[in-house]
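Student: The sequence shown maps to residues 136 to 444 in my numbering.
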Amino acid sequence: MRERGKETLAPVDIMGELLGCSATSDEDSLVLESGGSHLEFVKNASAARLNSQIVPLSSVVLVEGGHWWVEARSAVKAFSRFLGREYRWAGVVEMPSDGKSKSAVESTQAPLKEKPQAPLSGAPPKLTLYGLRWGKPGEQIRAVVDLSSPLWPQVRESKGKIELVFGDADLQGFDNPENPYTSSIKVSFVKSGNRAALSFIYEDGVVKHFPLLDPPRYVVDFYLNEADKAEPLPPAAPRPVQPAPVRVAPQGRPVVVLDAGHGGKDPGATANGLREKDINLSVAKRVASILKNKGFEVRLTRSDDRYLK
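1. Once DSSP output is grouped into helix, strand and coil, what is the label at glutamate 221?
2. CA-CA distance, serine 319 and arginine 277?
3. For lysine 141, which three-state DSSP category applies?
4. So, is leucine 443 buried or exposed, given that buried needs 16 or more other C-beta atoms within 10 angstroms?
5. Short of 7 Å in beta carbon distance, which residues of its chain neighbour serine 194, apart from the five on each side in sequence? Order them along the chain.
6. Output yes or no for whether 9 Å exceeds the beta carbon distance between leucine 333 and proline 288.
7. Would leucine 262 pass as a contact of leucine 197 if the rule is Cβ separation under 9 Å?
8. If you follow the beta strand (DSSP E) that valine 342 is in, where does it begin and where does it stop?
9. Give every residue of the same chain whose Cβ lies closer than 6 Å to the Cβ of isoleucine 416, excluding the five residues on either side of it in the sequence, and list them in chain order.
10. Could you tell me the distance, in whole angstroms, from the CA atom of proline 351 to the CA atom of arginine 216?
11. Under a Cβ-count criterion, where at least 16 other Cβ atoms within 10 Å of its own Cβ denotes burial, should arginine 184 be classed as buried or exposed?
12. Please return the same chain residues whose Cβ sits closer than 6 Å to the Cβ of valine 211, not counting the five positions on each side in sequence.
13. Considering only C-alpha positions, which residue in the set Leu409, Val355, His202 is nearest to arginine 291?
14. Considering only the beta carbon of each residue, do leucine 299 and serine 283 sit closer than 9 Å?
15. In chain order, which continuous runs of the beta strand (DSSP E) of length 3 or greater are located wholly inside the region 147 to 203?
16. Closest Cβ-Cβ distance between glycine 140 and chain B: below 9 Å?
17. Helix, strand or coil for alanine 395, going by three-state DSSP, please let me know.
18. Contact defined as beta carbons within less than 8 Å: I believe tryptophan 84 pairs with aspartate 161. What is the distance between those atoms, to the nearest angstrom?
19. To which residues does DSSP link lysine 326 through a beta bridge?
20. Let's see if you can read the secondary structure: which residues bound the alpha helix (DSSP H) around glutamate 338?
21. Just how far apart, CA to CA, sit valine 280 and phenylalanine 431?
22. Tell me the rounded alpha-carbon separation between valine 392 and arginine 434.
23. Once DSSP output is grouped into helix, strand and coil, what is the label at valine 418?
24. Nearest-angstrom Cα distance between alanine 213 and leucine 426?
25. Taking its Cβ as the centre, do 16 or more other Cβ atoms sit within 10 Å of valine 166, making it buried, or is it exposed?
26. Taking the CB atoms as reference points, tell me whether tryptophan 269 and glutamate 338 lie closer together than 9 Å.
27. Measure how close the beta-carbons of valine 177 and aspartate 440 come, nearest whole angstrom, since I'm counting them as under 8 Å.
28. Taking 9 Å as the cut-off, decide whether the C-beta atoms of threonine 436 and glutamate 175 are in contact.
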């Protein structure tokens, strides 16, 4: 373990090894594999990638001393989702600077391999709430609660409020639920006994909610502008037909711009030792050569391995 300001960092490469994951890495990314799933950490990125999903981290990934360092609680949450088991952060264990001490590995292993206690006979299985995330896929504001299993909440609705009540719930990402839409939606979270209630208070509008699988999650969509209730507009008057403009042939050679996409610290998709950014750049250069031979002027957004903001 090591400290960065007020943060405690954990070496995710060693965590993966102790948990039986295979690993491949280069200077920009570390990819862990277990049971057909892949967990990827990218240098200086504040999110990991679990298969095709983004897993937020509380701070950027640090590569130093031959190890990949991630804020400890974020690392535990990522491994819990990756391996489908619940792990808990059990405190700080000092690691020598060379990172090779057997005692450091053994002391790290205990909290990582801690298993949740089995529920008592007849008790409902425990549900883990991983976190609350937001999006705006269309006109609606979307809130998504990520879950460990498809145990859906009891939903209570009233004017301007919707409440999701989970039974026997364990919390991982709800210390302070993030909310970028505070001007329109207020969020509160209360845990009492073995029940957890997540409440949304919103402006007048329409709310739709539903569960989704693979992975299990519960979705709440807020249509605050009530667009679905609006009266349809009368058909617009037909526009007068205008004669087609006469096209003037451009002077000089046509210009083609090729975008090679991912680069630098962003490798894109990775599999079997191949990286998307390398394939894209190779293809872009070949296409550029062909087009130049045919008389086109060609420009590349990147011609080497660099990250474009």
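Ideal Cβ placement from N, Cα and C applies to all residues, glycine included.
On a predicted model such as this, the values are computed, not experimentally measured, just so you know.
Tutor: Looking at the atomic coordinates:
1. As a first step, residue 221 is located in the sequence shown; it is residue number 86 there, counting from the start. The answer is coil: DSSP assigns glutamate 221 none of H, G, I, E or B.
2. Position 184 of the sequence shown holds residue 319. Position 142 of the sequence shown holds residue 277. Going from the Cα of serine 319 to the Cα of arginine 277 covers about 12 Å.
3. The residue you call residue 141 lines up with position 6 of the sequence shown. Three-state result, lysine 141: coil.
4. Position 308 of the sequence shown, counted from the start, is the residue given in the question as residue 443. Looking at its Cβ environment, which holds fewer than 16 other Cβ atoms inside 10 Å, leucine 443 is exposed.
5. By one-based count along the sequence shown, residue 194 stands at place 59. Taken in chain order, the residues that qualify are Glu142, Ser181, Glu206.
6. Position 198 of the sequence shown, counting from 1, holds the residue named residue 333. Position 153 of the sequence shown, counting from 1, holds the residue named residue 288. Yes.
7. Within the sequence shown, the letter at position 127 stands for residue 262. Within the sequence shown, the letter at position 62 stands for residue 197. Contact: no.
8. Counting from one through the sequence shown, the residue named residue 342 turns up at place 207. Run containing valine 342: 341 to 347, per the beta strand (DSSP E) assignment.
9. As a first step, residue 416 must be located in the sequence shown, where it is residue number 281. At residue 416 the sequence reads leucine, which differs from the isoleucine that was named. Sequence-distant Cβ neighbours of leucine 416 in its own chain, meaning closer than 6 Å and more than five residues away, are Ala395.
10. Indexing the sequence shown from 1 puts residue 351 at position 216. Indexing the sequence shown from 1 puts residue 216 at position 81. Between proline 351 and arginine 216, the C-alpha separation is close to 11 Å.
11. Counting from one through the sequence shown, the residue named residue 184 turns up at place 49. Buried.
12. Mapped onto the sequence shown, residue 211 falls at position 76. Beyond the five residues adjoining it in sequence on each side, valine 211 comes within less than 6 Å, by CB distance, of Tyr222, Trp224 in the same chain, given in chain order.
13. If you number the sequence shown from 1, residue 291 lands on position 156. Nearest of Leu409, Val355, His202 to arginine 291, Cα basis: Val355.
14. Taking the sequence shown and counting its residues from 1, the one referred to as residue 299 is at position 164. Taking the sequence shown and counting its residues from 1, the one referred to as residue 283 is at position 148. Taking 9 Å as the Cβ cut-off, leucine 299 and serine 283 do not qualify as a contacting pair.
15. 157 to 160, 164 to 169, 172 to 177, 182 to 185, 188 to 191, 197 to 199
16. Of the protein chains in the structure, only one exists, and it is not chain B.
17. For the purposes of this step, residue 395 is taken as the residue at position 260 of the sequence shown. If DSSP states are grouped into helix, strand and coil, alanine 395 belongs with coil.
18. Not covered by the structure: residue 84. The range shown for the chain is 136 to 444.
19. By one-based count along the sequence shown, residue 326 stands at place 191. The partner list for lysine 326 (beta bridge, DSSP) reads Ala331.
20. Stepping through the sequence shown from its first residue, residue 338 is reached at position 203. Run containing glutamate 338: none; DSSP gives neither H nor E here.
21. Your numbering for residue 280 matches position 145 in the sequence shown. Your numbering for residue 431 matches position 296 in the sequence shown. Cα to Cα, the separation comes out at about 50 Å.
22. Within the sequence shown, numbered from 1, the residue matching residue 392 stands at position 257. Within the sequence shown, numbered from 1, the residue matching residue 434 stands at position 299. Taking the straight line from one Cα to the other gives about 5 Å.
23. By 1-based counting over the sequence shown, the position of residue 418 is 283. In this structure, valine 418 counts as helix in the three-state DSSP scheme.
24. On the sequence shown, residue 213 is found 78 positions in, with the first residue counted as 1. On the sequence shown, residue 426 is found 291 positions in, with the first residue counted as 1. Their Cα atoms are separated by approximately 45 Å.
25. One-based indexing of the sequence shown puts residue 166 at position 31. Valine 166 counts as buried, since at least 16 other C-beta atoms from the protein chains shown sit within 10 angstroms of its C-beta.
26. One-based indexing of the sequence shown puts residue 269 at position 134. One-based indexing of the sequence shown puts residue 338 at position 203. No, the Cβ-Cβ distance between tryptophan 269 and glutamate 338 is not below 9 Å.
27. Numbered from 1 along the sequence shown, position 42 holds the residue referred to as residue 177. Numbered from 1 along the sequence shown, position 305 holds the residue referred to as residue 440. In fact, because the Cβ distance is near 14 Å, the residues do not count as touching under 8 Å.
28. Position 301 of the sequence shown, counted from the start, is the residue given in the question as residue 436. Position 40 of the sequence shown, counted from the start, is the residue given in the question as residue 175. Taking the C-beta atoms as reference points, glutamate 175 is found no nearer than 9 Å to threonine 436.
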